[in-house]
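Protein chains: 2
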Amino acid sequence: VEFFFDFASPYGYLAGTQIDALAGRFGRRVTWRPFVLAAAFKATGMRPVMEQPLRGDYLLHDVPRFARLLGVPFVQPPVMPMHSIAASRAFYWLEEDRPELAHFLALSIWQSHFGAGQDLGPPAAVAALAGRMGIDPDALLAGIEQASVKQRLRDETDRAIARGIFGSPTMVVDGEAFWGADRLGQVERWLGGRW
Amino acid sequence: VEFFFDFASPYGYLAGTQIDALAGRFGRRVTWRPFVLAAAFKATGMRPVMEQPLRGDYLLHDVPRFARLLGVPFVQPPVMPMHSIAASRAFYWLEEDRPELAHFLALSIWQSHFGAGQDLGPPAAVAALAGRMGIDPDALLAGIEQASVKQRLRDETDRAIARGIFGSPTMVVDGEAFWGADRLGQVERWLGGRW
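For the record, the sequence lines run as chains H and S.
Under this note's numbering, the residue at position 51 of the first sequence is numbered 51, and the numbers go up by one with no gaps.
Under this note's numbering, the residue at position 123 of the second sequence is numbered 318, and the numbers go up by one with no gaps.
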């Protein structure tokens, strides 16, 4: 199972609280794949939901309601949409050598950002959080400025778009893409036996 | 329960095959409310999905897959998006005096359009279908040209947008809006006891 998302996406967060356990029930593991949603928006002509009349208001009502249904915390962060580039680069910087830790960092970023309402956009905020996980914050701050790490995020984004991914979250199960946190039920059904 | 949709919306069709029975399980009736989605798009800046790169391809794969899961027929119509103005006006023309029949006409339009792949965009196609239901096709063709019927559709569209509705389908339960056919499960949960 591949899990494509932008850290800035609250629906990504909601799905991220569920996807590992959901796949685990079918003995499957999940590869987390942050990408730059803004690049996909350039391809489709979409804009961030928060910048759209009507849709932004719906999101601000819908996300907390959805979170209550799932039983996960949601606190509206001060900046929406979040500037997610530092978080995404930090993920790939760490993933190179320590994929398990990168996965855990991603979960922690979302727990702080959407779970506790702390803005994890600034590189310093990501570094401080990583520091509390035993990751050298200065190494992280240097790492996310490496040309290879920047390129990695661009490559992952290009690959996602080339595979037709345009929204966050998108779950891909055996090549089958499901867009949206509200499709977790269909992902579960597909894992249980495609229809 | 209010059910807002544009006849051109395949996800509206999918939800429309389920919503009456779903609400009925909780002793509730559904008021169908076609509106002009293009007017909502003007408010939000969205465009029809079929005109968007990546998203159109996803829809053409996702809708038949979703239909199989629900066990309802789907045949891709020759024109997408459908020109839905005649269908929507015919609904309100009929609803004035015969709301039950208007509801049945709406179901029949979708059964033909998305269930059987016949283009129900042209007024003549709507009139012919209505004729097979015992409705005078000439009266319908005259009715959908009445200024009052045209105005009714504009008014219903304005009212929907004023209530924050921007997508098709949107189900409203006791003032709570749920956007998308993939939210039928949440509608069911809400009807069973809000969370």
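The C-beta atom is built at its ideal place from N, Cα and C for all residues, glycine as well.
Keep in mind it's a predicted model, so treat the numbers as computed, not measured.
Is it buried or exposed, residue i, if we count other Cβ atoms within 10 angstroms and call 16 or more buried?
i	result
S/Met328	exposed
S/Val344	buried
H/His113	buried
S/Gln271	exposed
H/Gln151	exposed
H/Gln186	buried
H/Asp158	exposed
S/Val290	Checking the displayed sequence, the identity of residue 290 of chain S turns out to be Glu instead of Val. The residue is buried, with at least 16 neighbouring Cβ atoms inside 10 Å.
S/Gly219	exposed
H/Trp195	exposed
H/Glu156	buried
S/Ala281	buried
S/Pro294	exposed
S/Gly207	buried
S/Gly222	exposed
S/Gly338	buried
H/Arg183	buried
H/Arg89	buried
S/Ala319	exposed
S/Ala311	exposed
S/Gly375	buried
S/Ala372	buried
H/Ala127	buried
H/Ala8	buried
H/Ala106	buried
According to DSSP, which residues form a beta bridge with residue i?
i	result
H/Glu2	H/Thr31, H/Val172
H/Trp190	For H/Trp190, which the question treats as bridged, DSSP gives no partner whatsoever.
H/Phe178	H/Met171
I want to verify the contact list: residues of chain H whose CB lies under 7 angstroms from the CB of residue i, in sequence order.
i	result
S/Pro248	Ala43, Thr44
List the residues of chain S that residue i touches, going by C-beta distances under 8 angstroms, in chain order.
i	result
H/Arg47	Gly240
H/Gly193	Chain S residues near H/Gly193: none, gap ~12 angstroms exceeds 8 angstroms.
H/Arg189	Leu264
Can you name the residues of chain S whose CB is closer than 9 angstroms to the CB of residue i?
i	result
H/Gln186	Arg260, Phe261, Leu264, Asp377
Can you pull the chain H residues whose beta carbon is under 9 angstroms from the beta carbon of residue i, in chain order?
i	result
S/Ala445	In this structure chain S extends from 196 to 390, so residue 445 of chain S is not present and cannot be described.
Looking at the ligand ADP, does it come within less than 7 angstroms of residue i, judged from the CB to the closest heavy atom?
i	result
S/Gln313	The ligand ADP is absent from the structure shown, which contains no ligand whatsoever.
Got a sec: is the Cβ-Cβ distance from residue i to anything in chain B below 8 angstroms?
i	result
H/Asp62	Looking for chain B here will not work: the only protein chains present are H and S.
Per the contact definition of three or more C-beta pairs closer than 8 angstroms, is the stretch 363-378 of chain S in contact with the stretch 196-210 of chain S?
-> yes
Near-chain S residues of the stretch 56-88 of chain H (beta-carbon distance less than 7 angstroms), N- to C-terminal order | Going along the stretch 56-88 of chain H in chain order, one finds Asp57, Tyr58, Arg68, Leu69 with a Cβ nearer than 7 angstroms to chain S.
Could you tell me whether the stretch 30-42 of chain H touches the stretch 329-338 of chain S, using the rule of 3 or more Cβ pairs below 8 angstroms?
-> no
Should the stretch 267-285 of chain S be called in touch with the stretch 298-317 of chain S, which here means at least 3 C-beta pairs below 8 angstroms?
-> yes
Could you tell me whether the stretch 13-21 of chain H touches the stretch 206-216 of chain S, using the rule of 3 or more Cβ pairs below 8 angstroms?
-> As far as the Cβ criterion goes, the stretch 13-21 of chain H does not touch the stretch 206-216 of chain S, which means the pair count is below three.
Which residues, in chain order, does the stretch 350-364 of chain S contribute to contact with chain H at a C-beta distance below 9 angstroms?
-> Taken in chain order, the members of the stretch 350-364 of chain S whose beta-carbon sits within less than 9 angstroms of a beta-carbon on chain H are Ile356, Gly359, Ile360, Phe361, Gly362.
Using 8 angstroms as the threshold, is the stretch 50-64 of chain H in touch with the stretch 244-257 of chain S, meaning 3 or more CB pairs across them?
-> no
Of the residues that make up the stretch 292-315 of chain S, which ones have a beta carbon closer than 8 angstroms to any beta carbon in chain H?
-> none
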